[in-house]
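Asker: Protein chains in written order, with UniProt numbering: chain A, 1 to 607; chain B, 1 to 234; chain C, 1 to 211. Have a look at the structure that comes next, please.
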Amino acid sequence: MILDNARELSDRFYNYLLKCRSRGVEFNRLLMLAASDVDSVCAVKILLHLFHCDHIQYSLTVCSRFQDCVDAVAAAGDSVRTILMINCGAAESVVERLNVSDKVRIYILDSRMPVHLRNLYSAKQVCVLRKFSQEDIQQIPRWEEVFREEEQEENENGAPDGEGGKETDDNDDVMSQSSQNFRGDAGRARARKRREKERELREWNSKRIAVEEGYYKNVYYQDSSAVRMFELAHLVSKDDQELFFWAVIGLCEMFMQRKIGSTEFVEKSVALQGHVIRLTHSIDLENQQNFRITYGQDLALRFYRQWSIFESLNNTPYTVAIFRAWENKGHAKLHEFLADMGLALAQCKQTYSAMDFNIRRDMMEWFQAQAPEWNVPDLISGGSFLATYGFNQKFQINDMALGLFACLTVNSDKSSEDNFHDALDTLSKHEFDRLDRALQMGRDQLVVLRKIVQSAFEEKLFVGMTHYVQVCLDNISTAGTQFAGRPEVLIPLAHFLQETYVVMSRGQRVKKAPFVLVAQLQPPSTDGTGDFLHVVGLPGADNVAAGMKNFMGKAFRAAARQAKVELELDSFEECLVRIGKRSKTAFLDALIIALSAAPTEPQSNRH
Amino acid sequence: MDLPEMDVSGVALDDSSTVYTTAQLLTDLKDIWRSERLAPELLPHKQETVEMLLEQIGTVESNLEKAKHVKDPFFLHCHKMEANRVRYMLSNYLRCRLEKLENYALHYLQLSAAERDFVMTTAEYKFLQRYQADTEELIEGSVRTFLPANLAILDKWKEAPLKPRLESFVFVKPREQINGLILGASDAPVSLEQHSQYLLRYSAVRKPVMENKVILISPISSASLQEIFLSSLF
Amino acid sequence: MFGQRAAELIRELERASDDALPPYKAESVRGICEEMQGIFEANCRDRVNLDADGIEQATAVKIQHAMHFRDTAMSRNKRCLIAYHYNRMERLRNLRWSLGGIIPTAIRQTLSEKETEWFSNYSKALTNYMMDVAELPDQDPADPQDPVVLDLTVHQRPPKEYFIDVKVLVDYGNYETQDGETIFLKKHMRLCMARTECEHLIRQGILQHVQ
Numbered sequence: 001m002i003l004d005n006a007r008e009l010s011d012r013f014y015n016y017l018l019k020c021r022s023r024g025v026e027f028n029r030l031l032m033l034a035a036s037d038v039d040s041v042c043a044v045k046i047l048l049h050l051f052h053c054d055h056i057q058y059s060l061t062v063c064s065r066f067q068d069c070v071d072a073v074a075a076a077g078d079s080v081r082t083i084l085m086i087n088c089g090a091a092e093s094v095v096e097r098l099n100v101s102d103k104v105r106i107y108i109l110d111s112r113m114p115v116h117l118r119n120l121y122s123a124k125q126v127c128v129l130r131k132f133s134q135e136d137i138q139q140i141p142r143w144e145e146v147f148r149e150e151e152q153e154e155n156e157n158g159a160p161d162g163e164g165g166k167e168t169d170d171n172d173d174v175m176s177q178s179s180q181n182f183r184g185d186a187g188r189a190r191a192r193k194r195r196e197k198e199r200e201l202r203e204w205n206s207k208r209i210a211v212e213e214g215y216y217k218n219v220y221y222q223d224s225s226a227v228r229m230f231e232l233a234h235l236v237s238k239d240d241q242e243l244f245f246w247a248v249i250g251l252c253e254m255f256m257q258r259k260i261g262s263t264e265f266v267e268k269s270v271a272l273q274g275h276v277i278r279l280t281h282s283i284d285l286e287n288q289q290n291f292r293i294t295y296g297q298d299l300a301l302r303f304y305r306q307w308s309i310f311e312s313l314n315n316t317p318y319t320v321a322i323f324r325a326w327e328n329k330g331h332a333k334l335h336e337f338l339a340d341m342g343l344a345l346a347q348c349k350q351t352y353s354a355m356d357f358n359i360r361r362d363m364m365e366w367f368q369a370q371a372p373e374w375n376v377p378d379l380i381s382g383g384s385f386l387a388t389y390g391f392n393q394k395f396q397i398n399d400m401a402l403g404l405f406a407c408l409t410v411n412s413d414k415s416s417e418d419n420f421h422d423a424l425d426t427l428s429k430h431e432f433d434r435l436d437r438a439l440q441m442g443r444d445q446l447v448v449l450r451k452i453v454q455s456a457f458e459e460k461l462f463v464g465m466t467h468y469v470q471v472c473l474d475n476i477s478t479a480g481t482q483f484a485g486r487p488e489v490l491i492p493l494a495h496f497l498q499e500t501y502v503v504m505s506r507g508q509r510v511k512k513a514p515f516v517l518v519a520q521l522q523p524p525s526t527d528g529t530g531d532f533l534h535v536v537g538l539p540g541a542d543n544v545a546a547g548m549k550n551f552m553g554k555a556f557r558a559a560a561r562q563a564k565v566e567l568e569l570d571s572f573e574e575c576l577v578r579i580g581k582r583s584k585t586a587f588l589d590a591l592i593i594a595l596s597a598a599p600t601e602p603q604s605n606r607h
Numbered sequence: 001m002d003l004p005e006m007d008v009s010g011v012a013l014d015d016s017s018t019v020y021t022t023a024q025l026l027t028d029l030k031d032i033w034r035s036e037r038l039a040p041e042l043l044p045h046k047q048e049t050v051e052m053l054l055e056q057i058g059t060v061e062s063n064l065e066k067a068k069h070v071k072d073p074f075f076l077h078c079h080k081m082e083a084n085r086v087r088y089m090l091s092n093y094l095r096c097r098l099e100k101l102e103n104y105a106l107h108y109l110q111l112s113a114a115e116r117d118f119v120m121t122t123a124e125y126k127f128l129q130r131y132q133a134d135t136e137e138l139i140e141g142s143v144r145t146f147l148p149a150n151l152a153i154l155d156k157w158k159e160a161p162l163k164p165r166l167e168s169f170v171f172v173k174p175r176e177q178i179n180g181l182i183l184g185a186s187d188a189p190v191s192l193e194q195h196s197q198y199l200l201r202y203s204a205v206r207k208p209v210m211e212n213k214v215i216l217i218s219p220i221s222s223a224s225l226q227e228i229f230l231s232s233l234f
Numbered sequence: 001m002f003g004q005r006a007a008e009l010i011r012e013l014e015r016a017s018d019d020a021l022p023p024y025k026a027e028s029v030r031g032i033c034e035e036m037q038g039i040f041e042a043n044c045r046d047r048v049n050l051d052a053d054g055i056e057q058a059t060a061v062k063i064q065h066a067m068h069f070r071d072t073a074m075s076r077n078k079r080c081l082i083a084y085h086y087n088r089m090e091r092l093r094n095l096r097w098s099l100g101g102i103i104p105t106a107i108r109q110t111l112s113e114k115e116t117e118w119f120s121n122y123s124k125a126l127t128n129y130m131m132d133v134a135e136l137p138d139q140d141p142a143d144p145q146d147p148v149v150l151d152l153t154v155h156q157r158p159p160k161e162y163f164i165d166v167k168v169l170v171d172y173g174n175y176e177t178q179d180g181e182t183i184f185l186k187k188h189m190r191l192c193m194a195r196t197e198c199e200h201l202i203r204q205g206i207l208q209h210v211q
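Shown next, in the form of structure tokens:
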């Protein structure tokens with residue numbers, strides 16, 4: 001079931017939770033399973049606020065892979081009647097995978113698409129809390145295409161696995177349930193009828209597989225969960241500036257991690273604009289110097305408000321790619337660009353807050369004037385959210401989102417759960433120190449990423465395959481590139497590498513080529529041997545810019561199947577997998593075949 | 001509860017036949033709780049108040065339990081909260097008494113039966129006896145095996161038990177006018193006016209405190225002064 | 001020198017932070033007792049000497065002085081021993097109120113046998129007292145009710161809110177609340193619980209209150 005608009009969200013989701021409170025102890029506790037990403041942190045933060053207001057009891061478990069969800073639900077046992085999954089679970093058939101009884105209600109709040117068909121077509125038990133555009137709905141296969149009536153199946157004696165090969169989708173379980181007890185009674189007519197039915201079923205089945213493959217092919221993102229929860233809070237009249245701040249972080253993170261394209265981001269931001277005005281208006285004038293969020297044009301340079309302009313230019317992926325900032329030549333070019341603009345080097349290398357006030361005031365215009373000449377139009381973002389606190393302390397919420405991401409991923413000494421709780425604590429407008437620390441962490445992470453990109457180029461690690469580009473970082477020689485952290489950190493790294501590579505090689509073909517990053521993370525001290533490699537797959541760069549639709553997860557699976565390599569999902573991202581070190585060559589070879597057969601339509605390999 | 005109403009130091013117990021309302025009970029509890037916390041010695045027990053309040057809590061809580069499915073959760077919440085507050089006050093009051101008993105165990109064991117019944121309940125006395133026996137056993141038992149049999153270790157300790165410091169100073173607020181209070185051996189008797197506060201030796205007001213004619217108050221900190229100031233503004 | 005070990009014993013306890021329980025010094029206690037035994041025996045001997053017939057006045061005074069000195073040393077030793085045990089007992093008593101009826105193994109190792117015994121006795125006395133205070137509601141045979149028990153250890157802080165947010169610090173497993181709800185507590189979980197339910201667990205270090 002889909003709970004589409006905000007009104008339904010409040011009526012059928014939130015009111016249900018409210019009603020649960022008075023239904024006796026065994027019903028009133030809500031189990032929350034939250035993925036450890038920034039959007040989910042923000043959504044949880046908003047929800048906790050709502051729950052606190054309405055005395056809804058909850059248990060929150062942080063999950064970093066789906067198995068964690070399964071474990072958490074199993075451990076909670078029968079005492080759970082309501083489960084809310086945040087940014088996890090949409091891609092799985094939750095009722096079966098979590099193995100819950102039919103008394104349990106599951107709400108899925110996930111920004112990831114596609115949603116598993118079982119979840120969508122569940123009558124009441126599973127509710128998907130998200131918006132579906134007309135377009136999305138059209139993409140969903142009709143019920144008859146993917147399901148057959150139960151009683152019909154009872155009578156079937158088909159062997160649906162016949163042509164599906166090693167089809168492992170959950171839906172096959174339903175088919176294989178068909179009984180075997182027909183062997184005895186023959187009867188010709190019956191046999192013919194049965195054969196006919198079998199044939200029909202086979203046809204239907206192969207069609208079903210094609211339809212499902214089409215549906216599941218691309219993983220993409222929409223709607224931030226945090227924004228969704230903010231809409232809910234707005235509807236139940238419990239929103240305030242702080243909640244809005246969190247929601248905006250959720251949205252910005254999706255944009256900064258390339259989960260949504262810039263068009264969509266602008267669209268969503270404009271939609272949130274109304275809230276900016278409403279919430280800012282409600283603050284009385286005396287509190288003006290307190291926390292405030294504004295929306296407007298700004299430089300698309302990362303962390304420049306806490307850094308110097310020069311360092312920021314030198315590290316923001318976009319400018320790094322365009323200027324080739326790691327080369328001497330690029331460095332000179334960067335200086336030239338600044339000189340053209342009339343910015344003194346001394347000022348540029350100064351911490352932003354210590355820069356001359358006049359320069360700071362006019363800088364935007366200078367950048368705007370120079371941008372077309374140097375062909376860097378994206379240096380100025382159409383609109384970004386800016387948070388102000390205290391006297392003129394400002395930061396871009398985009399940067400805050402990256403900072404939180406760093407909080408969640410950078411530290412591998414602590415468990416991901418601890419990082420999640422730390423991030424939750426960071427998100428408070430009263431704790432400016434912690435916000436600053438998060439920004440600092442984001443900056444540090446960016447510097448590390450940039451160093452890796454630099455050494456990848458210096459050591460010429462980019463390998464242009466016929467159909468995709470590959471970077472293997474596992475045998476990189478430069479010290480310090482073996483970096484630690486959660487595997488999710490490889491995704492922004494892959495984006496960074498890809499962006500830089502595409503700008504450098506300037507070919508149209510390169511723009512379309514998928515990108516594969518193989519890297520080894522320093523194993524966290526708690527976790528065994530470190531015999532693993534992580535592989536990240538991205539679609540072509542043009543696809544990324546328009547809001548990523550990623551088919552690489554499926555391609556990885558196909559390749560792994562072919563090479564008989566065990567594939568592990570170490571996070572909720574399908575495009576990020578873990579393989580054994582030894583099976584690297586076999587896996588990559590299989591991937592070449594898988595992608596070369598049809599670079600953009602890998603699903604045809606699956607037969 | 002029919003405890004003998006012993007008149008030890010010329011103090012009579014309150015008339016126990018009065019019917020109390022819950023509100024009355026609560027104000028009483030607040031008073032005796034505060035006095036108990038601030039007095040250096042154990043004050044006469046108020047077993048009846050405690051029992052009646054406990055009964056009230058029981059009734060309220062069982063009513064809440066029954067109304068769980070009917071009433072608005074917010075309503076229930078407020079009531080539970082209120083019940084917890086009373087529980088807290090009661091626990092703290094009783095705990096405070098136990099602490100005094102523990103600290104001056106020997107002294108309170110040496111009281112006469114009449115005095116004992118006046119200041120502590122049977123439950124408290126039982127607890128006290130057991131506590132002291134255990135403590136003596138702990139100290140004696142720890143060294144017994146190493147010492148000659150006829151060497152008593154606790155003799156001196158028992159001779160001079162720790163006593164409540166009745167000479168310590170307390171802030172007091174009379175509930176009614178009190179006349180003829182003798183503060184020191186050489187001083188003339190003084191009167192305490194209603195609605196005023198005094199800083200006195202506890203021993204001087206011991207009797208009126210036990211009679212509940214005088215309540216003890218905590219010294220006003222600057223924070224609470226400010227609060228008083230602010231509340232007078234609105 | 002008489003009394004040195006005893007003073008050292010006290011000093012050591014004093015050096016430990018206010019509510020910490022350093023390991024029980026059985027050796028020192030034993031040593032002090034031996035010293036006392038020595039004093040006791042010496043005094044007994046001297047008393048016999050003193051009572052002997054035909055003792056010179058000067059010698060008698062000498063013996064009396066020696067006895068008096070030993071007696072003072074004896075009293076001092078006694079006092080130190082009592083103070084040592086009594087102060088440890090007080091700290092142990094605070095533990096009962098802050099950690100509940102079960103002593104963590106780490107602390108159990110620092111206790112003497114007698115102290116463990118005292119602890120369980122104290123727990124029993126406390127439970128008995130609380131049962132005595134508990135109020136039986138007017139019994140209605142058709143609807144038997146549980147007595148209203150006032151657990152003094154639960155309400156140790158003034159309640160400000162009914163539900164509080166807590167974080168689980170250790171893997172605990174299932175915890176049954178008074179309402180009969182079973183909650184599974186696993187490390188890193190964050191929950192919203194009634195304050196009365198989790199005050200114990202917070203004090204035991206299983207939960208942490210988050211704000």
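Where a beta carbon is used, it is the ideal one built from N, C-alpha and C, also for glycine. From a predicted model like this one, the values you see are computed outputs, not experimental measurements.
(1) Please return the same chain residues whose Cβ sits closer than 6 Å to the Cβ of C/LEU185, not counting the five positions on each side in sequence.
(2) To which residues of the same chain is A/VAL447 closer than 8 Å at the C-beta, ignoring the five residues directly before and after it?
(3) Counting contacts by CB-CB distance shorter than 8 Å, is B/GLU134 in contact with chain C?
(4) What first and last residue would you give for the alpha helix (DSSP H) that runs through A/ALA72?
(5) For C/ARG93, which residues from the same chain have a beta carbon less than 8 Å from its beta carbon, with the 5 sequence-adjacent residues on both sides left out?
(6) I'd like to know if C/THR116 contacts chain A, where contact means its C-beta is closer than 8 Å to some C-beta of that chain.
(7) Do the CB positions of residue 608 of chain A and A/GLU574 come within less than 8 Å of each other?
(8) Quick one: using the 10 Å Cβ neighbour count with 16 as the cut-off for buried, is C/MET1 buried or exposed?
(9) Is A/ASP399 near A/LEU439, with beta carbons less than 8 Å apart?
(10) With a Cβ-Cβ cutoff of 8 Å, do A/THR82 and A/LEU3 count as a contact?
(11) Going along the stretch 64-79 of chain B in order, which residues come within less than 9 Å of chain A, judged by CB to CB distance?
(12) Would you call the stretch 40-47 of chain C in contact with the stretch 194-202 of chain B, where contact means no fewer than 3 C-beta pairs closer than 8 Å?
(13) Give me the chain C residues within the contact set of A/TYR16, using Cβ-Cβ distance strictly less than 9 Å, ordered along the chain.
(14) Taking three-plus beta-carbon pairs below 8 Å as touching, is the stretch 137-148 of chain A in contact with the stretch 210-226 of chain A?
(15) So which of A/LEU301, A/GLU96, A/ASP239 and A/ILE137 has the shortest CA-CA distance to A/VAL320?
(16) What ranges does the alpha helix (DSSP H) occupy inside the stretch 102-189 of chain B, keeping only unbroken runs of at least 4 residues that lie completely in it?
(17) Leaving aside the five residues before and after C/ARG11 along the sequence, list all residues of the same chain whose C-beta is less than 7 Å from its C-beta, in chain order.
(18) So, is the C-beta of A/PHE230 closer than 8 Å to a C-beta in chain C?
(19) Please report whether the beta-carbon of A/HIS116 lies at a distance below 8 Å from any beta-carbon of chain B.
(20) Looking at the structure shown, is C/ASN43 part of a helix, part of a strand, or coil, going by DSSP?
(21) For chain B, check one thing: does any of its Cβ atoms lie closer than 8 Å to the Cβ of C/HIS200?
(22) Would you call the CB atoms of A/LEU449 and A/ALA494 closer than 8 Å?
(23) Taking the alpha-carbon positions, what's the A/LEU251 to A/LYS549 distance?
(24) Give the single residue among C/ASP46, C/GLY3 and C/SER98 whose Cα lies nearest to the Cα of C/THR72.
(25) Using the beta-carbon of each residue, which ones in chain C are nearer than 9 Å to A/HIS55?
Answerer: In short, the structure shows the following:
(1) The sequence position of residue 185 of chain C within the third sequence is 185, counting from 1. Once the five neighbours on either side are set aside, the close Cβ partners of C/LEU185 are VAL168, TYR172 and TYR175.
(2) Locating residue 447 of chain A in the first sequence gives position 447, where the first residue counts as 1. If we look at A/VAL447 and ignore the five residues flanking it on each side, its Cβ neighbours are ASN315.
(3) Translated into the one-based positions of the second sequence, residue 134 of chain B becomes position 134. Note that residue 134 of chain B is Asp in the sequence shown here, rather than Glu. It does; some Cβ of chain C falls within 8 Å.
(4) Indexing the first sequence from 1 puts residue 72 of chain A at position 72. It spans 66-76 - the alpha helix (DSSP H) in which A/ALA72 sits, taken as one unbroken run.
(5) Residue 93 of chain C sits at position 93 when you count from the first residue of the third sequence. Excluding sequence neighbours, C/ARG93 sits near TYR122.
(6) Within the third sequence, the letter at position 116 stands for residue 116 of chain C. No - not a single Cβ of chain A is within 8 Å of the one on C/THR116.
(7) Residue 608 of chain A cannot be examined here, being either before or after the span of chain A that is shown, 1 to 607.
(8) As a working mapping, residue 1 of chain C is identified with position 1 in the third sequence. It is exposed - the Cβ of C/MET1 has fewer than 16 other Cβ atoms within 10 Å.
(9) For this step, residue 399 of chain A is matched to residue 399 along the first sequence. For this step, residue 439 of chain A is matched to residue 439 along the first sequence. Cβ distance < 8 Å, so A/ASP399 and A/LEU439 count as in contact.
(10) The sequence position of residue 82 of chain A within the first sequence is 82, counting from 1. The sequence position of residue 3 of chain A within the first sequence is 3, counting from 1. No, Cβ-Cβ distance for A/THR82 and A/LEU3 is not below 8 Å.
(11) Contact residues of the stretch 64-79 of chain B toward chain A are LYS68, HIS69, VAL70, LYS71, ASP72, PRO73, PHE74, LEU76 and HIS77 (C-beta to C-beta distance below 9 Å).
(12) As far as the Cβ criterion goes, the stretch 40-47 of chain C does not touch the stretch 194-202 of chain B, which means the pair count is below three.
(13) Working through the first sequence from its first residue, we reach residue 16 of chain A at position 16. Near A/TYR16 there are no residues of chain C at all, since even the closest Cβ is about 17 Å away, more than 9 Å.
(14) yes
(15) Sequence index remark: in the first sequence, residue 320 of chain A carries index 320 (1-based). Looking at the Cα atoms, A/LEU301 is the closest of the given residues.
(16) 105-109, 113-119, 122-144 and 155-159
(17) Position 11 of the third sequence holds residue 11 of chain C. Within the same chain, no Cβ atom closer than 7 Å to the Cβ of C/ARG11 is found once the five residues on either side in sequence are excluded.
(18) Position 230 of the first sequence, counted from the start, is the residue given in the question as residue 230 of chain A. False, the Cβ-Cβ gap to chain C never drops below 8 Å.
(19) Against the first sequence, residue 116 of chain A aligns to sequence position 116. Chain B contact via Cβ: absent.
(20) Here residue 43 of chain C refers to the residue found at position 43 when the third sequence is read from its first residue. For C/ASN43, the secondary structure class from DSSP, reduced to helix, strand or coil, is helix.
(21) As a first step, residue 200 of chain C must be located in the third sequence, where it is residue number 200. Between C/HIS200 and chain B, the shortest Cβ-Cβ separation is not below 8 Å.
(22) Working through the first sequence from its first residue, we reach residue 449 of chain A at position 449. Working through the first sequence from its first residue, we reach residue 494 of chain A at position 494. It is not a contact, given that the beta carbons lie outside the stated cut-off.
(23) The residue given as residue 251 of chain A occupies position 251 in the first sequence. The residue given as residue 549 of chain A occupies position 549 in the first sequence. The alpha-carbon atoms of A/LEU251 and A/LYS549 are separated by roughly 18 Å.
(24) Translated into positions along the third sequence, residue 72 of chain C becomes position 72. Among C/ASP46, C/GLY3 and C/SER98, the Cα nearest to that of C/THR72 belongs to C/GLY3.
(25) Locating residue 55 of chain A in the first sequence gives position 55, counting from the first residue. The answer, in chain order, is TYR162, PHE163 and CYS192.
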